[in-house]
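Participant: Residue numbering for the sequence shown follows the UniProt record's numbering, starting at 1 and increasing by one per position.
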Amino acid sequence: MKVAIDVVPIRNTGEMGGALLLVLELIKGLALFNKSDKYYLLTAEWNHQFFEQFEKFGVERICVHNTSLKVEKNGNLLLKKILKKLFKIFNIKIKKKSKSILRTNSIDILFCPMSAISLAEPGIPTLSLIYDLQHEYYPQFFSDEEIHHRKKFYNGICDLADYVVCISEFTKNTLIEKLNYPENKSKVIYISIQDRLNNIDSTEQDRILDKFNLSKKIYAYYPANFWLHKNHRMLLVAMSIFLNKHPEIDFHLCLTGSLLGQENSFNEIINQMNLQGKVHHFGYLSELEVSALMAGANFLVFPSLFEGFGIPVAEAMSNGIPVMCSNNTSLPEVGGDAAQYFDPRKPEEIAEIMYMLITDNILRQKLITKGTEQVKKFNSETMVKHYHDTLHEVAKKQSVKGNLLKGVYGDNWTEPEVLISVGEDSRNRVINIEMHLPPVSPHKQAQVYVTIDNKKKKHTLINGQVQVIKEILPSTSCDICIEIENTFRPKDIGIMDKRELGIQMIKIEIKDNITGETIRTFHKA
């Protein structure tokens, strides 16, 4: 079986969170699990080199996103203005995709471990991995624009994915309840990468703790980027309450992860609450350093307001570290009866449990023992096997998902071929294709061939004119192929753009031929 894994969205930074760690573990694990399967990583210019490390496991890379396109400095000013308007490529990165990447490489299934489905092709099954739908619960953490984007993003996944994997029952239930995704098209596979932090020896651990001036100190550890839902501010309030109530205890809080450019805000909070010298933020650290900080902690504190899973909870349990965490979302699912839970909106409660874990050794040992048992539910070999089996299961089924558009760029220009895939629908449907051959094209006219159900029709598009093509669609799923005979390359008229372009699409939509209702809009300029 040939599997394409879309890693284009991945950037090797601390802001990717646990998703990056999971994807890296899966790539290696899947490649080693069954040598008869072949894996292809669909990469971008910003991560192609990073993923070279997996070639030793027999994984191949295909770079599908190349450098941004720029207009040459020399040339007629008027022409530049016209081209700027028509192509819209100044300071915009055009996504250049190889034609039929999946079909060209005889791919059996597309796996999208970062959720986004942008490289799907009709007829090839697609599996998407869903982490969380935070905006459904905490819309206040997002701008109106972000909420609109996220809703469109996840609705698109529901339209295009033949099957989805969720990282927790909580996430799966959210997907079903909030987006009406079919329950029989989804399953849960727990994240099992917690053992990565177990390989540090005591000498190295002591060296790192000395480096951060934490040796022999009592401290709680919280690894998380400074996102709003991670609830750092409430944790700092709890820390202030604790220190005021128990000045006799030399207790520290260790934080890691990216501050996301909010260093000034963070430092202001520390100063206002008089937490200098008690709260230590070390930023984005290496895996070895994180291992040392986790292993040396008295306990993990995890006050997050929202999680799709909660990797650090499992990591702490795997390291024999007691856990106190929020009592919401997926965290009770991960922690089971092996964590001390609290309401993350109540700092007094957080401070009280901190005191319990510092002073009550019986409670600490109880949590450690139960944690050792609980974490056995998250086995990396089992995780990889479940993904392997799911990929094979989905690949055997014919993709029934339609509603896919390929071959139209973000600036409305088309490739020489446009492919539209639509699913089944009992309504009397018609597709409207509104297109334009701009004056910048060197051709006086373009021959456009539209094929539906192996029936091809020829249309002539005159330069400078707009034309609308209407075709009746069958009730079954089908592909609409649009071929443009007269194409050109912008580089021939002074633009550093190697694309082969056909015409511009103004609108592509499907309507109910009886009511006139718009069923779906594929593209709108």
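From the three backbone atoms N, C-alpha and C, an ideal C-beta is built for every residue, glycine too.
1. Roughly how many whole angstroms lie between the Cα atoms of Lys88 and Gly502?
2. Let's test the definition: count the other Cβ atoms within 10 Å of the Cβ of Ile472 and tell me whether it reaches 16, buried, or not, exposed.
3. Count the other C-beta atoms from every protein chain shown that fall within 10 angstroms of the C-beta of Trp46, then say buried if there are 16 or more, exposed otherwise.
4. With a 10 Å radius around its C-beta and 16 neighbouring C-beta atoms as the bar for buried, classify Asn244 as buried or exposed.
5. Let me know the secondary structure DSSP gives Arg278 once reduced to three states.
6. How should Ile94 be labelled, buried or exposed, when 16 other C-beta atoms within 10 angstroms of its C-beta is the threshold for buried?
7. Leaving out the 5 sequence neighbours to the left and right, which residues in its chain are closer than 6 Å to Gly336 when beta-carbon positions are compared?
8. Between the stretch 278-295 and the stretch 123-141, do three or more beta carbon pairs fall short of 8 Å?
9. Within 10 angstroms of the Cβ of Ile200, are there 16 or more other Cβ atoms? Answer buried if so, exposed if not.
10. Evaluate contact between the stretch 108-116 and the stretch 410-428, counting only Cβ atoms and requiring at least three cross-stretch pairs below 8 Å.
11. Identify which residue in Gln262, Met1, Leu20 has its Cα closest to the Cα of residue 531.
12. Within 10 angstroms of its Cβ, does Leu222 collect 16 or more other Cβ (buried), or is it exposed?
13. Let me check understanding here. Comparing Cα to Cα, which of Asn155, Thr174, His436 lies closest to Lys187?
14. Can you tell me where the beta strand (DSSP E) with His523 in it begins and where it stops?
15. With which residues is Ala44 paired in a DSSP beta bridge?
16. Give the C-beta separation of Asp6 and Cys112 to the nearest angstrom, bearing in mind that I take them to be a contact with Cβ-Cβ under 8 Å.
17. Using a Cβ-Cβ cutoff of less than 6 Å, which residues in the same chain neighbour Phe54 once the five nearest sequence positions on both sides are dropped?
18. Would Ile191 pass as a contact of Ile208 if the rule is Cβ separation under 7 Å?
19. Drop a sphere of 10 angstroms on the beta-carbon of Thr256, count the other beta-carbons inside from all chains shown, and report buried for 16 or more, exposed for fewer.
20. Taking only three categories from DSSP, how would you classify Met354?
21. Quick one: Cα of Ile433 to Cα of Cys63, how far?
22. Just to confirm, is the Cβ distance from Leu22 to Phe141 under 7 Å?
23. Distance, Cα to Cα, Leu419 vs Arg429?
24. In terms of residue numbering, what span does the alpha helix (DSSP H) encompassing Thr256 cover?
25. Would you report the Cα separation of Arg150 and Arg11, rounded to the nearest angstrom?
26. So for Phe111, helix, strand or coil by DSSP?
27. To the nearest angstrom, report how far apart Ile462 and Pro139 are at their CA atoms.
28. Around the Cβ of Asp497, are there at least 16 other Cβ atoms within 10 angstroms (buried) or fewer (exposed)?
29. Compute the Euclidean distance between the alpha carbons of Ser304 and Phe170, then round it to the nearest angstrom.
Facilitator: Checking against the coordinates, here is how it stands:
1. Confidence is the limiting factor: at Lys88 the pLDDT is only 41, short of 50, which leaves the residue's position unreliable and the question unanswerable from this model.
2. Ile472 counts as exposed, since fewer than 16 other beta carbons sit within 10 angstroms of its beta carbon.
3. exposed
4. The residue in question, Asn244, is exposed, as its Cβ has fewer than 16 Cβ neighbours within 10 Å.
5. This sequence places Lys at residue 278; Arg is not what is there. Reduced to three states, the DSSP call for Lys278 is coil.
6. A caution first: Ile94 carries a pLDDT of 35, below 50, which makes its placement in the model unreliable, though a value can still be read off. Ile94 comes out buried.
7. Cβ neighbours of Gly336 beyond the five flanking positions: Gln374.
8. no
9. buried
10. no
11. Residue 531 is absent from the structure shown; the chain starts at 1 and stops at 525.
12. Note that residue 222 is Tyr in the sequence shown here, rather than Leu. Burial of Tyr222 is indicated by the presence of at least 16 other C-beta atoms within 10 angstroms of its C-beta.
13. Thr174
14. 518-524
15. His65
16. 5 Å
17. Ile27
18. no
19. buried
20. Here Met354 sits in helix by DSSP.
21. 31 Å
22. No.
23. 18 Å
24. Taken as a continuous stretch (DSSP letters only), Thr256 belongs to no alpha helix (DSSP H), being part of the beta strand (DSSP E) at 251-256.
25. 19 Å
26. In the three-state reduction of the DSSP assignment, Phe111 falls in the strand class.
27. 48 Å
28. In summary, Asp497 is buried, with 16 or more beta-carbon neighbours lying within 10 Å of its beta-carbon over all protein chains present.
29. 15 Å
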